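Undergrad: Below is a structure I'd like to ask you about.
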Amino acid sequence: SSCAALRTLTRLHALLIVSSSASSHHILSSCLATAYARAGDLAAAESTLATAPTSPSSIAAWNALLAAHSRGASPDEALRVFRAIPAAVRPDSTTFTLALSACARLGDLATGEVVRDRASKAGYRNDIFVCSSLLNFYAKWGAMDDAVKVFDRMRKRDRVTWSTMVTGCVNAGQPVQAIEMYMRMREDGLEGDEVVIVGVMQACAATGDVRMGASVHGYLLRHAMRMDIVISTSLVDMYAKNRLFDQARRVFELMPHRNDVSWSALISQLAQYGNADEALGLFRQMQVSGLQPNSGPVVGALLACSDLGLLKLGKSIHGFILRRLELDHMVGTAVIDMYSKCGSLASAQLLFDKVVSRDLISWNVMIACFGAHGRGRDALSLFQEMKRNEVRPDHATFASLLSALSHSGLVEEGKFWFDCMVNEYGIEPAEKHLAVGITRSWNLGRAQQRRSLNCNLGMSASLPWSQIFTPLPRTGTRSGKCAS
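Dropping the structure here:
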């Protein structure tokens, strides 16, 4: 056992100290330190190295200590050890690789750059192991421009390297580049593994590139490649997010095993794109299968209840959440939205008031709830409370607020907050903001005000004429001078 090994090692160390061998012979000291590090006694390993004579060959012992920290629970200690390596001990490829791995785990970009520069000066700029670690470091933290530079200078690229680039691009919000990387990988004659295929499916889902997604799916089928639960779920998600529900169902039904993510991928997208009845049917089917729904399918079911106005079922799902799940931000917001859209504003407000930690989406949904029920002043009051809580509003916040003020006839307040949105928060008006302002002004017979707003913002070309020229019984006036 490791305890027995440590006891034996300690006795051996004591004998060497008595004979003065350990402190005078750097090879013995290095071997002892390495053995301590591998046995898990990192303090003894570091103490042995600190009292040992400095020698270039002791880098192996430092690497063993560095590896134990880097791969264990204390990557910050790994970087401390890296900085403590004596100047007379020359770091090698393994040293820099382990240090970069620790930086990647910590997200320490500044230290990572220092390690990169030291590796380059030591002659390891193009070392395959250092480059791979540097690539993983950059990709993990979204520095894809730097990752591409490292990738392009690598003389040899294996499947892991390509996988790092594909997933790095996806995680950095660069799905187009992820697909391009996959195509380059195929041109190099390499097949994608599970990680690559899932990354490509995520990229296709984000870009709407169904053709590429279907092509990869076809490739998997033609080559009889193993489609495990992770790959199959990514296919369901890709098809469903692009509203190709027949294909999504086909893949889903062929899956021998499904987990909560598989069910969520189809239920949530069906609910989001207006297939509420089918989403609820799948939700019930999931429960019958014996698999307890997590937050993903539950949010989808709540959205379906909102669309169909099924307050009783929505309340039942809320009860299930309280008994079985944690009411996190996402689930809590979905419940609030369900109560509001099913006509129970009081329940929505009660739940919102009970939420201790609110994120921006929670505030936005509650402001929209007040607006949908014609309570513009309550929406404005909540918006001001949100500001007092130092939550910065975004474009969705102002869209909900302006809509609430508009539907309550609070035109002057709407004008004021529209100006604040543009001038104080620097949010450029989108069509949803302008449509609210223009339609409200027109409804109140302020045609000149509407023309001024539209001309000053230069949006007449992009805003649909059907929105600008809404027929209204009060004035019946139209004007198209700004479009000339």
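If you use mature numbering (1 follows the signal peptide of the UniProt record, and there is no 0), the sequence shown corresponds to residues -24 to -1, 1 to 460, in order.
Just so you know, even glycine gets a beta-carbon here, dropped at the ideal spot from N, CA and C.
Every value quoted in this text rests on a predicted model; they were computed, and no experiment measured them.
1) Compute the Euclidean distance between the alpha carbons of Glu156 and Val142, then round it to the nearest angstrom.
2) Quick one: using the 10 Å Cβ neighbour count with 16 as the cut-off for buried, is Asp304 buried or exposed?
3) For chain B, find out if any of its Cβ atoms is closer than 8 Å to the Cβ of Ile205; answer yes or no.
4) Which runs of the beta strand (DSSP E) at least 3 residues long sit entirely within the segment 114 to 192? Give them in chain order.
5) Taking 7 Å as the cut-off, is the C-beta of Ile343 nearer than that to any heavy atom in the ligand ADP?
6) To the nearest angstrom, report how far apart Val136 and Pro32 are at their CA atoms.
7) Near Arg300, which residues of its chain fall below 8 Å by C-beta distance, leaving aside the five closest residues on each side in sequence?
8) Around the C-beta of Asp283, are 16 or more other C-beta atoms found within 10 angstroms, so that it is buried, or is it exposed?
9) Note down, in chain order, each residue of its chain lying with its Cβ closer than 6 Å to the Cβ of Leu246, except the 5 sequence neighbours on either side.
10) Looking only at its chain, what residues have a beta carbon closer than 7 Å to the beta carbon of Gly347, apart from the 5 residues adjacent to it on each side?
11) Between Leu258, Ser323, Arg92, which lies nearest to Ser240 when the distance is taken from Cα to Cα?
12) Go through its chain and collect everything with a Cβ distance to Val341's Cβ below 6 Å, but skip five positions before and after it.
13) Which runs of the alpha helix (DSSP H) at least 4 residues long sit entirely within the segment 309 to 337? Give them in chain order.
14) Count the other CB atoms, across all protein chains shown, that sit within 10 Å of the CB of His294; report buried if there are 16 or more and exposed otherwise.
15) Could you pull the start and end residues of the alpha helix (DSSP H) that Arg353 belongs to?
16) Just to confirm my understanding: we take Leu197, look at its own chain, exclude 5 residues before and 5 after, and list those with CB closer than 7 Å. What are they?
17) In terms of residue numbering, what span does the alpha helix (DSSP H) encompassing Gln261 cover?
18) In this structure, does DSSP put Arg101 in helix, strand or coil?
19) Can you grab the Cα-Cα spacing for the pair residue 462 / Cys396, in whole Å?
20) If we count the other Cβ atoms within 10 Å of its Cβ and call it buried at 16 or more, is His45 buried or exposed?
21) Are the beta-carbon atoms of Cys145 and Met177 separated by less than 8 Å?
22) Looking only at C-alpha atoms, which of Ser316, Val264, Gln263 sits nearest to Leu279?
23) Rank Leu211, Thr183, Gly184 by C-alpha distance to the C-alpha of Val192 and give the top, closest one.
24) How long is the line joining the alpha carbons of Ile207 and Ile173, rounded to whole angstroms?
25) Give a yes or no on whether the C-beta atoms belonging to Leu106 and Phe72 are separated by under 8 Å.
26) Please state the DSSP three-state secondary structure of Tyr215.
27) Can Thr76 and Leu110 be called in contact, C-beta distance under 8 Å?
28) When you compare the CB positions of Ile243 and Gly276, do they come within less than 8 Å of one another, or not?
29) Once DSSP output is grouped into helix, strand and coil, what is the label at Asp236?
30) What does the alpha-carbon distance come out to for the pair Phe328 and Ser338?
TA: Quick answer:
1) 9 Å
2) exposed
3) Of the protein chains in this structure there is only one, and it is not chain B.
4) none
5) With respect to small molecules bound, the structure shown includes none, and the ligand ADP cannot be examined in it.
6) 32 Å
7) Gln268
8) buried
9) Glu254, Ala255
10) Ala355, Ser376, Ser379, Ala380, His383
11) Leu258
12) Thr309, Ile312, Asp313
13) 321 to 330
14) buried
15) 352 to 364
16) none
17) 252 to 264
18) coil
19) Absent from the structure is residue 462, since the part of the chain shown begins at -24 and ends at 460.
20) buried
21) no
22) Ser316
23) Leu211
24) 7 Å
25) Before going on, a small fix: residue 106 reads as Val here, not Leu. Yes, they are a contact pair.
26) helix
27) One point to set straight first is that residue 76 is Leu, not Thr, in the sequence displayed. Cβ distance < 8 Å, so Leu76 and Leu110 count as in contact.
28) yes
29) helix
30) 8 Å
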